[in-house]
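Using my numbering, read the sequence shown as starting at 21 and increasing by one per residue.
Written out below as structure tokens is the structure these notes cover.
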Amino acid sequence: MNDVIQLLQSHRSIRKFTDQGIEQSVVEELIKAGQSAATSSFIQACTVIQVAKGERRDRLAELANNQAYVADAPVFLVFCADMHRHKVACEQHDAEMLSGFTEQFLTASVDVALFAQNVVVAAESLGLGICYIGALRNKIDAVADLLELPELVYPVFGLCLGYPAQDPEVKPRLPVSVVLKQEHYNEEGNSESLVGYDAHVNAYYRSRSETQKDLTWTGQIAGMLQKEARPHMLKFLKEKGFLLR
Ligand SMILES: Cc1cc2nc3c(=O)[nH]c(=O)nc-3n(C[C@H](O)[C@H](O)[C@H](O)COP(=O)(O)O)c2cc1C
């Protein structure tokens, strides 16, 4: 293994940060690293909104299920899928943009995820800690209003960044045999592997240094999937001009 792989395999989300700030020049370097990710058909469909500590950030924290680290993180970024500037580009060329395709929603969202993960890896390589914030989509209407997002832009997730004030254990991932299959989809060996994995995850949750729980992976997933998943999303995305066809 080399240092990059070691870094990737040492990732853990950080939810407590020291007061040490991050130079704006470093933030901009991280953004450039994000921009270097591959991008579908060169669409470059990611816009990042940096929100300083203060009233707007506090409101975002409130909208994101009151997660304290959203308000407290030295840097907070909102990653948006942005097809608005593509509309402007079309107008510049007197071309009517055919928008609203599910494929465009998918490619723009994938672009954002690739961009953001590059930012994350670059940040972690500098000793920073991060936590993605999907809870921004809990009240996505209010978040979009607060950030003044136009049509064809939606907030995919937020990202807290800062120097770690905690040192959590790495969370064990599924066995490779469950996620890597040869030639065709199959579930061979999965149930046996998941029994072992559940025990591994349970041992992790019971013994980790913060907020111990008695959970397994399959149990956690079964619990989560009893709840509706942000059912307001489709209406919101359609209103923003996505997922119309
Ligand atoms: C898109 C996305 C959204 C997430 N949203 C939240 C969130 O709102 N709050 C939070 O505390 N963690 C959030 N997480 C972090 C996950 O809970 C975490 O990555 C997962 O439990 C694995 O733990 P690890 O990152 O420490 O390995 C999010 C992660 C991703 C990728």
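Idealized CB from N, CA, C, for every residue including glycine.
Contact test: residue i Cβ vs ligand 1 heavy atom, cutoff 6 angstroms
i      : result
Cys-66 : no
Buried or exposed by the 16-neighbour rule on C-beta atoms within 10 Å, applied to residue i
i       : result
Gly-178 : buried
Val-176 : buried
Thr-236 : buried
Asp-102 : buried
Val-190 : exposed
Lys-255 : exposed
Gly-261 : buried
Arg-226 : exposed
Lys-159 : buried
Glu-144 : buried
His-104 : buried
Ala-84  : buried
Tyr-217 : buried
Gly-147 : exposed
Ile-153 : buried
Gln-124 : buried
Tyr-205 : exposed
Three-state class that DSSP yields for residue i in the structure shown
i       : result
Asp-266 : Limits of the chain in this structure are 21 at one end and 265 at the other, which puts residue 266 out of reach.
Phe-256 : helix
Val-68  : strand
Phe-262 : coil
Leu-235 : coil
Gly-209 : coil
Met-17  : Given a span of 21 to 265 for the chain in the structure shown, any question on residue 17 remains unanswerable.
Ser-56  : coil
Val-190 : coil
Asp-114 : coil
Arg-250 : coil
Leu-200 : coil
Asn-86  : coil
Leu-146 : coil
Ile-63  : coil
Lys-159 : coil
Ile-42  : coil
Glu-49  : helix
Asn-22  : coil
Ser-129 : helix
His-31  : coil
Arg-228 : coil
Gly-120 : coil
Proximity test, residue i beta-carbon vs ligand 3 heavy atom, cut-off 6 angstroms
i      : result
Gln-29 : Among the ligands in the structure shown, ligand 3 does not appear; only ligand 1 can be found there.
Identified DSSP bridge partners for residue i
i       : result
Pro-184 : Phe-37
Asp-102 : Val-173
Cys-151 : Cys-180
Leu-97  : Gln-70 and Leu-179
Check: Around ligand 1, what residues have a beta-carbon under 5 angstroms from a heavy atom of it, in chain order?
Finding: Arg-32, Ser-33, Tyr-152, Ile-153, Gly-154, Ala-155, Phe-177 and Lys-191
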